[in-house]
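See below for the structure under consideration.
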Amino acid sequence: MIFIDLRDKVDSNALSKYYSILTDKMDDEKKKQIEKWCQDYLRKDNGEPYSFEEVVKADYSELQKLKKQIDDNHLDQYNCFLYNHNKVYKAENKKRKRKKKNENEKKRNSCYIKDTLYNSLSSKNKEAKLLLLKKVGISVCPYCNRNYIFSNENVITCQLDHFFSKEKYPILAVSFFNLIPCCSTCNRLKGTNDFDFYPYDQKNKAIDIMRFSYKPINSDFLRNKNSIIVETTPTEDLYSDQLETLKISKLYELHNDIVFDIIRKSEVFSDVYINSLRTSFPQIFSSSEEVKELLFGVPLSRDDIHKRPLSKLTQDIVFEINEARNDESH
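Residues 110 to 439 (my numbering) are what the sequence shown spells out, left to right.
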């Protein structure tokens with residue numbers, strides 16, 4: 110639901126550093142296996158093979174091409190390189206006779222990239238995860254715009270969603286642009302579902318996939334929040350199921366109190382009053398827009414929607430109220 114502009118944030122140096130940290134402690138034999146698989150099965154448009162480094166650094170358009178190759182060629186059937194070899198585990202089982210059979214079976218079927226390399230982002234390769242989070246640089250979940258996801262060296266409050274599921278596409282499990290910082294609720298709800306909107310997409314910006322509005326159901330809506338219904342409308346039908354997966358409509362129905370406050374503030378604080386506040390406090394406000402942002406508690410610029418929870422809701426409702434006023438004045 111939020112577009113995240115990474116054009117000036119993530120460059121080739123950042124991607125190289127991420128890959129270097131990620132693979133620095135990888136076993137040499139495992140690296141060879143992964144590289145060989147990429148060369149055997151993944152091809153660029155010019156026919157040349159992908160390297161694992163190129164897979165890790167792949168942007169959205171490249172990720173889509175890799176996904177299509179995997180789907181079209183049923184490459185999930187040829188992922189033996191991803192999985193730990195039975196011979197290794199037979200040797201381990203001799204040393205660990207006390208281990209239960211089902212535990213050994215679980216290990217035997219574990220996937221190196223998604224179960225070891227990806228999990229290392231929370232342990233020995235935590236530096237790579239922190240680099241990714243710093244470069245993406247968002248404070249609010251891009252899927253719901255409801256929850257803060259602050260992260261730094263001391264605390265990480267977000268989870269990483271795999272836009273293309275790591276279960277279906279384990280080779281993409283640590284690809285930089287396949288990892289979307291999000292809240293735990295959205296990560297759980299999205300699961301392995303495929304979405305048509307991508308938070309980093311420059312062309313089809315996620316912010317444009319839906320719009321919030323409100324509907325008064327009783328005449329006392331200026332005094333009673335329960336007389337207001339929050340409505341969610343996708344801009345295209347193809348987004349309906351995905352918004353339903355994230356339960357956006359049901360979750361935002363709970364925020365009728367926010368809409369209630371926005372409507373009341375819009376009634377009390379007229380444009381004339383807002384302008385008077387700006388002129389009365391020039392040391393605080395440089396524009397009427399800054400007064401409105403203080404009033405509504407969120408940035409009112411589309412470019413800053415990722416900075417505060419419920420910014421999308423607030424912006425849409427404020428816009429709707431202003432549009433209605435403009436129509437009345439004409």
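All residues carry an ideal CB built from backbone N, CA and C; glycine is no exception.
Contact between residue 361 and residue 403 fails: their C-beta atoms lie close to 23 Å from each other, not under 8 Å. Scanning 305, 339, 131, 416 for the CA closest to the CA of residue 346 turns up 305.
In this model, residue 335 and residue 365 are separated by some 7 Å (Cα to Cα).
Here the C-alpha atom of residue 285 lies approximately 13 Å from the C-alpha atom of residue 236.
One alpha carbon belongs to residue 268, the other to residue 296, and they sit about 7 Å apart.
Beta-bridge partners assigned by DSSP to residue 325: 337. The three-state secondary structure of residue 408, taken from DSSP, is coil. For residue 385, the three-state secondary structure derived from DSSP is helix.
If you compare the alpha carbons of 277, 308, 298 with that of residue 288, the shortest gap goes to 308. It is roughly 30 Å from the alpha-carbon of residue 256 to the alpha-carbon of residue 329. The three-state secondary structure of residue 257, taken from DSSP, is strand. Listed in chain order, the non-local C-beta contacts of residue 160 below 8 Å within the same chain comprise 144, 147, 148, local neighbours out to five positions each way being set aside. For residue 397, same chain residues with a beta-carbon under 6 Å away, outside a window of 5 residues either side, are 383, 384, 387 in chain order.
About 19 Å separates the beta carbons of residue 276 and residue 294, which is beyond the 8 Å limit, so they are not a contact pair. DSSP, reduced to helix, strand and coil, places residue 413 within a helical segment of the structure shown.
Judged by DSSP in its simplified three-state form, residue 270 adopts strand. In this structure, residue 342 sits away from residue 373, with a CB-CB distance that is not shorter than 8 Å. Separation of residue 225 and residue 139 (C-alpha to C-alpha, rounded to the nearest whole angstrom) is 11 Å.
In this chain, the alpha helix (DSSP H) harbouring residue 172 covers 169-181.
Between residue 164 and residue 131, the C-beta gap is not smaller than 8 Å, which leaves the two residues out of contact. Beta-bridge partners assigned by DSSP to residue 319: 343. By the Cβ criterion, the segment 114-128 is in contact with the segment 239-249, since at least three pairs of Cβ atoms, one from each stretch, lie closer than 8 Å.
When DSSP states are grouped into helix, strand and coil, residue 241 belongs to the helix group. Of all alpha-carbon atoms in 393, 348, 325, the one lying nearest the alpha-carbon of residue 338 is that of 325. Check the Cα spacing between residue 344 and each of 359, 333, 314, 368: the tightest is with 314. The alpha carbon of residue 155 has as its nearest neighbour, out of 370, 171, 400, 394, the alpha carbon of 171. Linking residue 434 to residue 333 through their CA atoms gives a straight-line distance of about 22 Å. 298 is the residue among 261, 298, 259, 280 whose C-alpha sits nearest the C-alpha of residue 270. The three-state reading of DSSP puts residue 147 in helix, counting H, G and I together. In the structure shown, residue 184 adopts helical secondary structure according to DSSP, grouped into three states. Non-local C-beta neighbours of residue 322 in its own chain, meaning closer than 6 Å and more than five positions away in sequence, comprise 340, 429, ordered along the chain. Bridge partners of residue 430 according to DSSP: none are assigned. Residue 129 counts as exposed, since fewer than 16 other beta carbons sit within 10 angstroms of its beta carbon.
Our two residues, residue 317 and residue 233, have alpha carbons roughly 38 Å apart in a direct line.
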